[in-house]
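Asks: Position one of the sequence shown corresponds to residue 1 (full-length UniProt numbering), numbered consecutively onward.
Here a beta-carbon is modelled for each residue, glycine too, at the ideal position from N, C-alpha and C.
Here it is: the structure, laid out below.
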Amino acid sequence: MAELTFWTGTMDAGKSTLALQTNHNHAARGRMGLIFTAHDRSGEAVVTSRLGLTHDAIEVTDDFDFWRHAVDALTHGARIDYLICDEAQFYTPEQIEALAKIVDELQIDVFCFGILTDFRTRLFPGAARLVELADRTEVLQVEALCWCGKRATHNARVEDGVMVTEGDQVVVGDTDDAPSAVSYEVLCRQHHRRRLTAARAQSVSLVPEPLPFG
């Protein structure tokens, strides 16, 4: 029986890496699949991993119709055994419902990958609907770490060097230290509540300095 599976974790937990690995494993066994993404850090119509892996994908906009796309492809003779859906938190609840329908009515496996909550610690609508509908929700075992060394559980948005908790839910950025107005950082709950990013902790000397041996 086909299943709708949701793999989730914070940023830096390896979701896109797992999405590409899942596609590789199924394709290596002769299965045929389609890869989808939305708002990838590197631009439209591509899935990228911070480990350097990339794969072409179909960009999911708010008006994209998963059901119609799958039915049209099958009608024209395509074979579809599975769908890989990266950045699934950005999909609309209606699109998640269409993915569930594809699983139930067309018996196509759907593997979704995404984060649960935004920088305000609020559930993304797409992620919330996935938790409600998925046959299985799996938490990635690779733990991203806060600057303090504890397990990171929250995604923080940094604008011009300052952590913010208000603004548009979707603003594409990255977690790298690139010269950008918007970037993201993973934090433990305690430091997210205190708005204490690595840079701010360093500025107030909370990050331990190495001992001066030599």
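Report the option in Arg122, Phe119, Ala45 and Phe124 whose CA atom is closest to the CA atom of Ile84.
Replies: By 1-based counting over the sequence shown, the position of residue 84 is 84. That would be Ala45, whose Cα lies nearest to the Cα of Ile84.
Asks: Taking three-plus beta-carbon pairs below 8 Å as touching, is the region 115-127 in contact with the region 81-101?
Replies: The region 115-127, when compared against the region 81-101, does touch it at the 8 Å Cβ threshold.
Asks: Tell me, which residues are paired with Thr137 by DSSP?
Replies: Mapped onto the sequence shown, residue 137 falls at position 137. According to DSSP, Thr137 bridges with Phe6.
Asks: Are the beta-carbon atoms belonging to Arg157 and Phe119 less than 7 Å from one another?
Replies: The count along the sequence shown starts at 1 and reaches residue 157 at position 157. The count along the sequence shown starts at 1 and reaches residue 119 at position 119. Closer than 7 Å, so yes.
Asks: When the Cα atoms are used, what is the spatial distance from Val131 to Thr137?
Replies: Residue mapping note: residue 131 aligns to position 131 of the sequence shown, counting from 1. Residue mapping note: residue 137 aligns to position 137 of the sequence shown, counting from 1. Each residue's alpha carbon lies about 7 Å from the other.
Asks: For Phe111, list the residues DSSP reports as bridge partners.
Replies: On the sequence shown, position 111 is the one that residue 111 refers to. Thr5 and Ile84.
Asks: Does the Cβ of Ser203 have 16 or more other Cβ atoms within 10 Å, making it buried, or fewer, making it exposed?
Replies: Within the sequence shown, numbered from 1, the residue matching residue 203 stands at position 203. Label assigned to Ser203: exposed.
Asks: Per DSSP, what kind of secondary structure is Ala156 in: helix, strand or coil?
Replies: Within the sequence shown, numbered from 1, the residue matching residue 156 stands at position 156. Strand at Ala156.
Asks: Please state whether DSSP places Glu185 in a helix, a strand or coil.
Replies: Locating residue 185 in the sequence shown gives position 185, where the first residue counts as 1. Reduced to three states, the DSSP call for Glu185 is strand.
Asks: Just confirm the distance between the C-beta atoms of Ile80 and Ala70, as a whole number of angstroms; I'd bet it's less than 8 Å.
Replies: As a first step, residue 80 is located in the sequence shown; it is residue number 80 there, counting from the start. As a first step, residue 70 is located in the sequence shown; it is residue number 70 there, counting from the start. Ile80 to Ala70, Cβ: 6 Å. Contact.
Asks: Helix, strand or coil: which one does DSSP assign to Thr175?
Replies: Residue mapping note: residue 175 aligns to position 175 of the sequence shown, counting from 1. Note that Thr175 scores a pLDDT of 48, beneath 50, so its modelled location is shaky and nothing firm can be said.
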